[in-house]
Amino acid sequence: MPLLELKKVNKSYDNEGFSVPVLFDIDLEVEEGEYLVIMGPSGSGKSTLMNIIGCLDVPSSGEYYLDGEAISGKNENQLADLRNSTIGFVFQTFQLLPKETAQANVALPLLYAGVPKAERMERAKEALEKMGMGDRLDFYPNQLSGGQKQRVAIARAMVNHPKILLADEPTGALDTTSGFQIMELFTELNKEGITIIMITHEPEIADFGNRKILIRDGRIIEGATEETISEHRRLR
Amino acid sequence: MTEDLKLSFKGIWSHRLRSFLTMLGIIVGVAAVIAVVSTISGTNEQIKNNLIGDGTNTVTIQVYQNGWAMDFSYGSVPEGIPEFDESILEEIRKVDHVVNASLIHRRDYVDLYYLNNELSGSMVYGIDANYLETAGYQIISGRGFSENELNGQKKIVLIDETIKESAFDGVDPLGKTLEIQGEPFVVIGIVDKKSEFEPVIKNVQDYYTYMGDTRGAVYIPDHMWPLVFRYDEPKTLIVKATSTDDMAGVGKKSEDILNQYLHVPEGTENAPKYQSNNLAQAASELQQLSSSTNILLIGIASISLLVGGIGVMNIMLVSVTERTREIGIKKALGARKSRIRRQFLMEAVILSGIGGILGVVAGIILAKIISVVAMIPTAINVPSIIIAVVFSMVIGIIFGMVPSIKASNLNPIDALGYE
Ligand SMILES: Nc1ncnc2c1ncn2[C@@H]1O[C@H](COP(=O)(O)OP(=O)(O)O)[C@@H](O)[C@H]1O
Ligand SMILES: [Mg+2]
């Protein structure tokens, strides 16, 4: 059984009474331990798909199974709990709380998981140490470089031991060197067994994954081979 | 819960200026209410004390008929009123909050003569051993009545300052003879109110004085009363209560005790009855007045706190908008709706609660300033403080509701995209 499975997933947004379709009949399976890269032009619906996979949004139609469970029947609280326990998010813009220290940021998901304070702080510290940020526990986001911020964000994504790491253009705001460092961390995490789904524009970054799909105009391009991907690469 | 509390305090502290501005409406509202309540209750307290005798706390219980205190200068003495003696005082003294009691006779508007000076309309008291103490008087020169004199046949009299001033005109009155109803009485002492306190009005006589009546009073042993006046005149009871607040109750209970002994035929309309004096009644009317002003003030408080509450809501809504991204992040990381709602609600309650407390402090300071600058007495009213703080927290809950629900309903995707 795949870790996650989308069947004929459609998504449209309501825009002033008009329904604007964004995703069409998405079929997708991701196995446990995979490192999937989603590519595609801007506005093609990658983030929308990622939000559905991450249970931040629900499909307009179609089915989504996560870890064998249907998402469609779940209420808001169950989705929140699922995000907390099963999914780790990494965003292009880091999305750290500016008024909290690195350690407090990382500890946040554990608060929602009901972990007691002392253990939260300890686990947050360990997660940061693993990302090479053990000497920056009390730093605030604005005291950190882009690469460091993203490490904090990854530590936060990983702190509650999720099954899936979702990364939406994680290197998009970073310089090349920091970007590659982040990718090395991802590879490391993937080797330890976590499933990664990553959106990226950059072919060099995409090469870190072990499977690539291409989305265009809200559709997964069937049989997206190395050629179509490289065509996509050429078109950029 | 404590975790959320800490988070809320942190949220409030990290937006200090905005938090303060949010509280301002509540602070001003509560401060105004506390200051006004303090001023009004201070003034009420003063009026009450002045009117019914701060410290003296004496209640006069006399025979009333048709709503008027009976005057025995003319007309007949009603049937059925026994001649009370020392034993009834024993009974009265057993009543709670009674300090002392005294039985007297009293006549208003008696003409007195010293040589050729006529003093019309003076008051004459026939007093027992307890009277001066009970009514808060003391001998300031000469001496008082001895035990023997109180029960004897000596025609001796005590006079007050007013009589001394107006009848004796600079002459030392001690040893002089004063004519009461044609009977000569020798002045042996001068009495005055005890000067522990200086309110404007301390007792009934002061009340008359205050009303423009400057009649003096003289005191003779009650034993001598039948000699000058009538032997069967009903007596008047003077009771000293522990505190001003006990006066009405003590008056009522004393009335009841005295009235038990009346032999008034059943069903007699307008039968004479013992009744405590109007000053105690006036006090309770004043208390009612002050409680009705309190109701009015609670109304004013509600309105000003309502305005403060709308201020809280307004700024909380701005705060929710400003913190949209924070809310999005928290939701993405697994925060449930209820937790977001609780965070904002708690912030609103803490904000308005702190606002309420600061308002109380500001109000107390304001009240002190008023009492110093405007020379108006103020009394800090504890219930009003508690009500103000609780009420402002309730306002926080009510007006924090809308912003916190708005916050918890934010769509995490929109919130994350929000810059
Ligand atoms: N909340 C929304 N409401 C309406 N339209 C949206 C919303 N989110 C995304 N879209 C539209 O859906 C399309 C896909 O967006 P997105 O998934 O962000 O693309 P990508 O991540 O591939 O750049 C875009 O045309 C975008 O304007
Ligand atoms: Mg995108």
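First to last, the sequence lines map onto chains Z and F.
Throughout, my numbering is defined as the position within the first sequence, counted from one, plus 947.
Throughout, my numbering is defined as the position within the second sequence, counted from one, plus 282.
Note that beta-carbon positions come from the ideal geometry of N, C-alpha and C, so glycine has one too.
Any non-hydrogen atom of ligand 1 within 7 Å of residue i CB
i	result
Lys993 of chain Z	yes
Tyr960 of chain Z	yes
Val967 of chain Z	yes
Gly610 of chain F	no
Ser989 of chain Z	yes
For residue i: DSSP bridge partner residues
i	result
Ser994 of chain Z	Bridge partners of Ser994 of chain Z: none, in fact.
Trp507 of chain F	Paired residues: none, contrary to the question.
Lys475 of chain F	F:Tyr419
Asp410 of chain F	Answer by DSSP bridge pairing: none, since Asp410 of chain F is not bridged.
Ala1114 of chain Z	Z:Val1037 and Z:Met1145
Ala523 of chain F	F:Val380
Arg389 of chain F	F:Val406
Val345 of chain F	F:Tyr556
Tyr982 of chain Z	Z:Ile1143
Leu970 of chain Z	Z:Lys958
Lys1159 of chain Z	Z:Val984
Pro466 of chain F	F:Glu461
Leu394 of chain F	F:Leu401 and F:Ile462
Trp350 of chain F	F:Gln347
Arg512 of chain F	Answer is none; Arg512 of chain F lacks a bridge partner.
Phe1249 of chain Z	The structure shown does not extend to residue 1249 of chain Z, since chain Z is modelled only from 948 through 1183, so no value can be given for it.
Tyr356 of chain F	Looking at the DSSP assignment, Tyr356 of chain F forms no beta bridge with any residue, so it has no partner.
Ala499 of chain F	F:Met405
Thr340 of chain F	F:Lys522
Glu976 of chain Z	Z:Glu952
Ile1167 of chain Z	Z:Ile1162
CB-CB length for residue i against residue j, believed under 8 Å
i	j	result
Leu970 of chain Z	Gly992 of chain Z	5 Å
Thr518 of chain F	Thr342 of chain F	6 Å
Lys446 of chain F	Ile472 of chain F	6 Å
Arg425 of chain F	Val406 of chain F	Between Val406 of chain F and Arg425 of chain F the Cβ distance is about 20 Å, and since that is not below 8 Å, they are no contact.
Ser1125 of chain Z	Gly1081 of chain Z	Not a contact, Cβ separation roughly 18 Å.
Tyr1059 of chain Z	Gly616 of chain F	4 Å
Ser634 of chain F	Ser674 of chain F	5 Å
Tyr391 of chain F	Ser355 of chain F	7 Å
Ala523 of chain F	His379 of chain F	5 Å
Ala649 of chain F	Gly682 of chain F	The Cβ separation is near 29 Å, so there is no contact.
Lys1159 of chain Z	Leu950 of chain Z	Between Leu950 of chain Z and Lys1159 of chain Z the Cβ distance is about 18 Å, and since that is not below 8 Å, they are no contact.
Ser404 of chain F	Ala553 of chain F	Not a contact, Cβ separation roughly 31 Å.
Ala614 of chain F	Leu1003 of chain Z	6 Å
Leu1091 of chain Z	Gln1050 of chain Z	Not confirmed; about 12 Å, so no contact.
Pro685 of chain F	Met598 of chain F	4 Å
Gly324 of chain F	Thr660 of chain F	4 Å
Val984 of chain Z	Thr1147 of chain Z	6 Å
Gly1015 of chain Z	Met948 of chain Z	6 Å
Ile363 of chain F	Val381 of chain F	Wrong, their Cβ atoms sit about 26 Å apart, outside the cutoff.
Ile705 of chain F	Val594 of chain F	Residue 705 of chain F lies beyond the range of chain F shown here (283 to 701); nothing can be said about it.
Pro1088 of chain Z	Pro1045 of chain Z	5 Å
Ala1120 of chain Z	Gln1039 of chain Z	5 Å
heavy atom of ligand 2 below 7 Å from residue i C-beta
i	result
Gly696 of chain F	First, the amino acid is wrong: residue 696 of chain F is Asp here, not Gly. Checking the Cβ of Asp696 of chain F against ligand 2 gives no.
Asp1249 of chain Z	Outside the shown range of chain Z, which is 948 to 1183, sits residue 1249 of chain Z, and nothing can be said about it.
Neighbour flag for residue i against chain B, beta carbons, 8 Å
i	result
Lys993 of chain Z	In the displayed structure, chain B is absent; the protein chains listed are Z and F.
Closer than 7 Å: residue i CB and nearest ligand 4 heavy atom
i	result
Glu629 of chain F	For the structure depicted, ligand 4 is absent and the ligand set comprises only ligand 1 and ligand 2.
* To do: Identify every run of the beta strand (DSSP E) within the region 419 to 457 of chain F, keeping only runs that are complete inside it and at least 3 residues long; order them along the chain.
  => Runs found: 419 to 424 and 438 to 442.
* Unbroken beta strand (DSSP E) runs of length 3 or more, entirely within the region 989 to 1044 of chain Z: which are they? -> 1008 to 1013 and 1034 to 1038
* What are the uninterrupted segments assigned as beta strand (DSSP E) that are 3 or more residues long and contained completely in the region 1060 to 1108 of chain Z, given in chain order? -> none
* Asked: Can you list the beta strand (DSSP E) stretches of 3 or more residues lying completely in the region 584 to 646 of chain F, in chain order?
  -> none
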